[in-house]
């Protein structure tokens with residue numbers, strides 16, 4: 193074979209080799225690129241699993257037991273039943289004194305135990321819910337500790353309207369509103385309206401703050417404004433702080449408050465009024481009744497109607513347990529038939545307006561649980577519900593412009609609340 197043909201054969205062979213080799217090289221290069229461009233398995237982000245939390249404590253793999261405090265039950269009884277030693281309980285009670293006194297746990301309050309998943313369900317923490325907002329954590333995990341915490345409270349402004357059919361308490365109850373809102377409502381207008389003599393068809397609107405925890409109402413904040421239509425007359429109350437605390441004023445900036453509260457109990461019912469001639473239910477004869485009787489369940493707190501000095505706090509045959517308070521040189525009040533006098537209330541002590549001074553009972557000359565409330569002006573007993581006291585300070589001149597702006601804003605909100613054919617709660621005034 194000539195050299196010419198041999199050279200051609202070698203050239204063809206080399207060319208054919210490259211034809212098959214190039215795709216293989218390309219494929220190899222592609223695989224290499226895939227491998228080098230693939231993410232490093234150690235750098236892949238894995239979404240962390242959030243631990244299950246309760247009261248700020250991790251409860252994964254724990255047993256959670258919820259219950260309510262039973263009558264006469266104490267913290268020792270609860271914890272000892274879950275494998276906590278008496279030494280640990282004693283130490284817990286000792287270090288909790290400055291945070292929460294364990295002797296004050298009350299029946300029907302909720303508590304939660306967080307326990308190990310062992311056969312004894314050993315308690316590692318106990319959470320006691322003092323009220324819907326506050327709770328106490330008794331921690332038994334690594335070191336014993338006690339901590340008081342609060343849930344986040346959301347304040348929502350709400351508005352309601354209603355028409356009186358029989359009385360204010362029943363109307364508000366039918367609206368699904370709290371007893372506390374009724375009490376606060378009455379306190380605002382106590383000296384302008386006689387809530388024991390309302391007439392059917394009287395109307396009201398009120399703007400108030402509702403306190404919410406996890407969407408559930410846990411209490412009432414401030415009342416912001418009230419409109420009341422009574423016997424065809426319009427009454428307004430507006431919330432305003434002119435630097436000395438919250439007070440309530442009418443459209444002209446005159447204070448609705450008086451130096452003394454009108455009622456010594458939160459809103460209740462009058463069972464017997466001041467009278468010059470009343471048939472006494474115990475003595476069975478007609479005689480003057482120089483006081484006003486308020487019927488209320490035994491144990492209902494009795495409040496001082498104003499600041500003053502206690503001049504008597506004792507038991508007497510006819511008065512039973514009673515307290516007498518001198519408010520100033522003009523006014524003195526007396527509270528009779530208490531089941532007991534409040535701790536610390538004794539002659540010579542100073543009390544503040546709205547302070548609890550005792551509790552409703554039937555001691556002394558009484559047939560049932562009630563408070564007999566007596567009132568003196570310049571040493572003469574008079575009808576407490578008819579006394580005319582001077583009002584508190586009106587809106588100051590330098591604060592009037594700010595007050596008018598707030599009054600007008602609240603009046604506009606009140607105007608937006610309609611009187612429905614069927615009473616209902618409006619979701620919000622905002």
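In this note's numbering, the protein residues as written are 193 to 622.
All C-beta atoms, glycine included, are put in the ideal place defined by N, C-alpha and C.
Just so you know, these numbers come straight off a predicted model, no measurement behind them.
Check the Cβ-Cβ distances between residue i and every residue of chain C, and say whether any is below 7 Å.
{"i": "residue 495", "result": "Among the protein chains of the structure shown there is no chain C, as only one such chain exists."}
Counting C-beta neighbours from all protein chains within 10 Å, is the total for residue i 16 or more, i.e. buried, or is it exposed?
{"i": "residue 458", "result": "buried"}
{"i": "residue 572", "result": "exposed"}
{"i": "residue 513", "result": "buried"}
{"i": "residue 580", "result": "exposed"}
{"i": "residue 611", "result": "exposed"}
{"i": "residue 295", "result": "exposed"}
{"i": "residue 288", "result": "buried"}
{"i": "residue 607", "result": "exposed"}
{"i": "residue 316", "result": "buried"}
{"i": "residue 362", "result": "exposed"}
{"i": "residue 347", "result": "exposed"}
{"i": "residue 474", "result": "Because residue 474 sits at a pLDDT of 47, beneath the cut-off of 50, its placement in the model cannot be relied upon, and the following sentence gives the value as read from the coordinates. Exposed, since its Cβ has fewer than 16 Cβ neighbours within 10 Å."}
{"i": "residue 566", "result": "buried"}
{"i": "residue 433", "result": "exposed"}
{"i": "residue 312", "result": "exposed"}
{"i": "residue 599", "result": "buried"}
{"i": "residue 319", "result": "buried"}
Do you know how far the Cα of residue j is from the Cα of residue i?
{"i": "residue 372", "j": "residue 310", "result": "46 Å"}
{"i": "residue 404", "j": "residue 342", "result": "13 Å"}
{"i": "residue 570", "j": "residue 484", "result": "19 Å"}
{"i": "residue 424", "j": "residue 260", "result": "50 Å"}
{"i": "residue 389", "j": "residue 286", "result": "54 Å"}
{"i": "residue 263", "j": "residue 298", "result": "8 Å"}
{"i": "residue 418", "j": "residue 584", "result": "19 Å"}
{"i": "residue 255", "j": "residue 275", "result": "14 Å"}
{"i": "residue 422", "j": "residue 442", "result": "15 Å"}
{"i": "residue 357", "j": "residue 420", "result": "14 Å"}
{"i": "residue 428", "j": "residue 536", "result": "39 Å"}
{"i": "residue 519", "j": "residue 500", "result": "4 Å"}
{"i": "residue 300", "j": "residue 240", "result": "39 Å"}
{"i": "residue 336", "j": "residue 293", "result": "16 Å"}
{"i": "residue 613", "j": "residue 322", "result": "40 Å"}
{"i": "residue 495", "j": "residue 394", "result": "29 Å"}
{"i": "residue 592", "j": "residue 412", "result": "28 Å"}
{"i": "residue 555", "j": "residue 504", "result": "16 Å"}
{"i": "residue 270", "j": "residue 523", "result": "51 Å"}
{"i": "residue 374", "j": "residue 308", "result": "46 Å"}
Suppose the cutoff is 6 Å on Cβ atoms and the five residues either side in sequence are ignored; what does the same chain contact list for residue i look like?
{"i": "residue 258", "result": "304"}
What whole-angstrom Cβ distance do residue i and residue j have, given they're in contact under 8 Å?
{"i": "residue 306", "j": "residue 380", "result": "Not confirmed; about 44 Å, so no contact."}
{"i": "residue 626", "j": "residue 540", "result": "Examination of residue 626 is not possible in this model, given that the chain is present from 193 through 622 alone."}
{"i": "residue 498", "j": "residue 545", "result": "5 Å"}
{"i": "residue 490", "j": "residue 561", "result": "4 Å"}
{"i": "residue 338", "j": "residue 291", "result": "5 Å"}
{"i": "residue 284", "j": "residue 382", "result": "Actually they do not touch by this definition, with Cβ atoms about 46 Å apart."}
By Cβ distance below 8 Å, which residues in the same chain neighbour residue i in space, the five residues on each side in sequence not counted?
{"i": "residue 414", "result": "400, 401, 431, 438"}
{"i": "residue 216", "result": "Below a pLDDT of 50, predicted positions are generally treated as unreliable, and residue 216, at 47, falls in that range; the measurement from the model is reported next regardless. Here the set comprises nothing."}
Looking only at its own chain, which residues have a Cβ that is under 7 Å from the Cβ of residue i, when we skip the five neighbours before and after it?
{"i": "residue 436", "result": "none"}
{"i": "residue 359", "result": "390"}
{"i": "residue 602", "result": "399, 416, 417, 430"}
{"i": "residue 224", "result": "Any reading at residue 224 needs caution, since the residue's pLDDT is 49, under 50, leaving its predicted position unreliable; the model's value is listed next. Same-chain partners within the cutoff: there are none."}
{"i": "residue 527", "result": "456, 494, 514, 515, 549, 550, 563, 565"}
Compute every distance between the C-beta of residue i and the non-hydrogen atoms of the ligand HEM, then say whether any falls below 6 Å.
{"i": "residue 397", "result": "In terms of ligand content, the structure shown is empty, and the ligand HEM therefore cannot be addressed."}
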